[in-house]
Amino acid sequence: MMITNILQQLLLNLQSILENQMIGLYVGGSVATNYFNEKTSDIDCYIITTNELSTNTIQQLQDIHEQFYLSQTLYAQKVEASYIPKSILINFNSKDVRPYFNEGNFYLAPYGSNFVIELYVLREQGIRVFGPDIKKLAKEITINDLRLAIESNLNEYWRPMLANVEKLSRSDYQVFAILTMCRTLYTLETNKIASKPDAAHWAIENTPGMFKELIEKALSWQPKHFFDRFKETQYFINYVLNTSREQSS
632 MMITNILQQL LLNLQSILEN QMIGLYVGGS VATNYFNEKT SDIDCYIITT NELSTNTIQQ
692 LQDIHEQFYL SQTLYAQKVE ASYIPKSILI NFNSKDVRPY FNEGNFYLAP YGSNFVIELY
752 VLREQGIRVF GPDIKKLAKE ITINDLRLAI ESNLNEYWRP MLANVEKLSR SDYQVFAILT
812 MCRTLYTLET NKIASKPDAA HWAIENTPGM FKELIEKALS WQPKHFFDRF KETQYFINYV
872 LNTSREQSS
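Numbered per my numbering, the sequence shown spans residues 632 to 880.
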C-alpha cells in the first residue's frame, strides 16, 4: 500500500510537468517480481513519453525528483526513474541515453545492453500505474534476444568491473554483483528470468560448492554491514563469464 501511495504521488508530479507528453508510468524490477526488500531494493519506474524531452522539461523533472527525494515521504529515496520515448520500446541503440534519476542524482544514462533485460521483465511482469498495457507498446523480446543481451552485458560491463577495485571493494557492490551473477547464471541455464533471491537459492544448489557460503552471505547481508569477499566475488564473476563463453562457443 505504501508503494502504491508513493507511485500515485509521483504520477501527479510527473503529469503536472509532462501533461500530454506522458503515455504511461510502469514499475519493473523487484516490485514487479514481488520481491521488494525495503532495505535493499529500488522502486524501478519507467516513464514512457511521446518523444524525446526538451532540455527545459528535463530540468523541470530534475527539480521535481530532487524535491521528492529530499521529502519525508516513505520510500521516496527508493525511486529510480527512466524516461523513455515510445519509439525506444520498439527499437533502440544501447549507446543512446535516457534521462535517469537514481540515488539523488539526475543525469543522462546510456541504455546499455542491460536495457533488453529490464524491458523483458517490464513487458512480462511489469505493473501498470498509468497508461495502456505495456505489451501494446513494447515489442516482444525472445529468449535468444535475452541471452544475447546477457552475454553483451557480461562482456561490456562485468568483465571490466573485475579491474574496478574501488567499486568492487564496496560491501554493497559485492553483494549486488554476487546476486546479479546468480540471476544471470539462472537465465543462461534455464532460459527464464527469476528474482535475485530465487536465483540465489537456485545457484546455491546448482553451482560448485565453493560458492555456497558466498551466496548465502550475500543473501543475508544487511545495508551498512561489513561484507569483505573481494577475491571470492571476482572469482564468482569470472566463473559466470566463463560459463557464458562456453555456452556461446
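All C-beta atoms in this analysis are idealised placements derived from N, C-alpha and C, irrespective of residue type, glycine included.
Please read these numbers as outputs of a predicted model, since none were measured by experiment.
Segment limits, alpha helix (DSSP H) that includes residue i
i    : result
R778 : I774 to N784
P828 : K827 to N837
D764 : Element bounds for D764: n/a, residue is neither H nor E.
R814 : S802 to T821
S875 : F861 to S879
T688 : T686 to L701
F746 : N745 to Q756
A849 : K843 to S851
Distance between beta carbons of residue j and residue i, contact taken as under 8 Å
i    : j    : result
L819 : I781 : 6 Å
L799 : K827 : No, L799 and K827 are not in contact; Cβ-Cβ is about 18 Å, not under 8 Å.
L739 : P730 : 6 Å
Y657 : Y677 : 5 Å
A794 : L816 : Not confirmed; about 21 Å, so no contact.
A769 : L750 : 6 Å
P741 : K717 : Between K717 and P741 the Cβ distance is about 19 Å, and since that is not below 8 Å, they are no contact.
Q690 : I648 : Not confirmed; about 10 Å, so no contact.
Status (buried if at least 16 other CB within 10 Å, exposed otherwise) for residue i
i    : result
A831 : buried
F857 : exposed
G659 : buried
V747 : buried
N724 : exposed
M841 : exposed
L701 : exposed
R814 : buried
R860 : buried
S661 : buried
S713 : buried
M633 : exposed
V752 : buried
Contacts around residue i, its chain only, beta-carbon distance under 7 Å, and the 5 residues preceding and following it disregarded
i    : result
Q756 : A663 and T664
V760 : L638, L642, L656, Y657 and V658
W852 : V806 and F858
I758 : Y657, V658, V662 and A663
Limits of the unbroken beta strand (DSSP E) element including residue i
i    : result
Y731 : V728 to N733
T680 : I674 to T680
I715 : V710 to P716
N736 : N736 to P741
Cutoff 7 Å: residue i Cβ touching any chain C Cβ
i    : result
S800 : No chain C appears in this structure, which consists of one protein chain only.
Neighbourhood of residue i by C-beta distance below 8 Å, restricted to the same chain and skipping five residues each side
i    : result
I715 : Y677, I678, I679, T680 and R729
E771 : R754
P854 : K670, T671 and D803
6 Å Cβ shell around residue i - same chain, five flanking residues per side excluded
i    : result
K709 : D673 and I674
N822 : I774
F737 : Q693 and H696
Q652 : T680 and T681
E863 : L845
D829 : none
N733 : E711
K870 : The sequence given here has Tyr at residue 870, not Lys. Same-chain partners within the cutoff: there are none.
Open item on the list: Which runs of the beta strand (DSSP E) at least 3 residues long sit entirely within the region 641-666? Give them in chain order.
Closed with: 653-658
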